[in-house]
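Numbering follows this note's numbering, in which position 52 of the sequence shown is assigned residue number 52; successive positions increment by one, without gaps.
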Amino acid sequence: MPKTRALAGDGVVLTHMLQQEQPDIPVLFLDTVHHFAETYRYKDEQAISQQLNLITLRAAEPQKGLWEREGTKACCDRHKVGPLFSALEQYDVWFTALRRDQSPSRANLQQVEPFKLPSGKIIQRVSPLAAWTNKDVWTYAKAYKLGLLPLYDQGYTSIGCEPCTALPDDPNNPRSGRWQGQKLECGIHIQASDT
């Protein structure tokens, strides 16, 4: 049964955990063409230091600045949702670093649950960190000397594309710096039946 996971934020901790069992697990990186320069450098460093089986995904026709012209939904759909869901068609299991404490939209997250892709295919979405806290992630990263994205040191708490990521407005809501408060999710963790 093919398995994969995506690389982002706490994903480095999850990837480290998964590599203990399957060193060559495919790690998906969504190149949205809008990432911070630090994110691209960090991705390259992690690919080397963790010897990742890194697969970079990119929209067939990326459009820089689409978020400005057509809104964040259109941009996320083209640069994140489309490429990821298309790639997930070849897998049966998708590991994510989602946690319940990250957002109200994730509060009912299960560790293992079926996930329906737009094609109708059902895969298993596995979120081993579902019950973890931010402190748990940082403790694990420190214990295993995993370098984390330097943007966290600048006060960012949830990091996505540069145009849609700001320092958090609400210190109690780590995702309050995303999408200027227009939405909680980009769409990649929303069931096809929910859209």
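Glycine is no exception: its CB is placed at the ideal position from the N, C-alpha and C atoms.
Any idea what DSSP makes of residue i, helix, strand or coil?
{"i": "Pro237", "result": "Nothing can be reported for residue 237, as the shown portion of the chain is limited to 1 through 195."}
{"i": "Val93", "result": "strand"}
{"i": "Glu113", "result": "strand"}
{"i": "Cys186", "result": "coil"}
{"i": "Ile25", "result": "coil"}
{"i": "His35", "result": "strand"}
{"i": "Leu30", "result": "strand"}
{"i": "Thr157", "result": "coil"}
{"i": "Arg99", "result": "coil"}
{"i": "Arg106", "result": "helix"}
{"i": "Arg178", "result": "strand"}
Do residue i and residue j have their C-beta atoms within less than 7 Å of each other?
{"i": "Leu117", "j": "Phe85", "result": "yes"}
{"i": "Phe115", "j": "Arg106", "result": "no"}
{"i": "Ala130", "j": "Gln111", "result": "yes"}
{"i": "Thr133", "j": "Asp101", "result": "yes"}
{"i": "Lys80", "j": "Val33", "result": "no"}
{"i": "Pro168", "j": "Gly177", "result": "yes"}
What's the call for residue i, buried or exposed, on a 16-neighbour Cβ count within 10 Å?
{"i": "Asp194", "result": "Reliability fails at Asp194, whose pLDDT of 49 lies under 50, so the model's placement of it is uncertain and no value is given."}
{"i": "Ser127", "result": "buried"}
{"i": "Asp92", "result": "exposed"}
{"i": "Gly160", "result": "buried"}
{"i": "Ser119", "result": "exposed"}
{"i": "Asp10", "result": "buried"}
{"i": "Gln20", "result": "exposed"}
{"i": "Ile122", "result": "exposed"}
{"i": "Arg69", "result": "exposed"}
{"i": "Gln46", "result": "buried"}
{"i": "Ser103", "result": "buried"}
Please report the residue range of the beta strand (DSSP E) in which residue i lies.
{"i": "Val137", "result": "Premise fails: Val137 lies in the alpha helix (DSSP H), 134-143, not in any beta strand (DSSP E)."}
{"i": "Leu57", "result": "53-57"}
Please list the terminal residues of the continuous alpha helix (DSSP H) segment that includes residue i.
{"i": "Cys76", "result": "72-76"}
{"i": "Ser86", "result": "82-88"}
Original post:
Between the segment 16-36 and the segment 49-69, are three or more C-beta pairs nearer than 8 Å?
Top reply: yes
Original post:
Does the segment 72-83 come close enough to the segment 35-48 to have 3 or more Cβ pairs within less than 8 Å?
Top reply: no
Original post:
Touch check for the segment 161-176 and the segment 140-148: three-plus C-beta pairs under 8 Å?
Top reply: no
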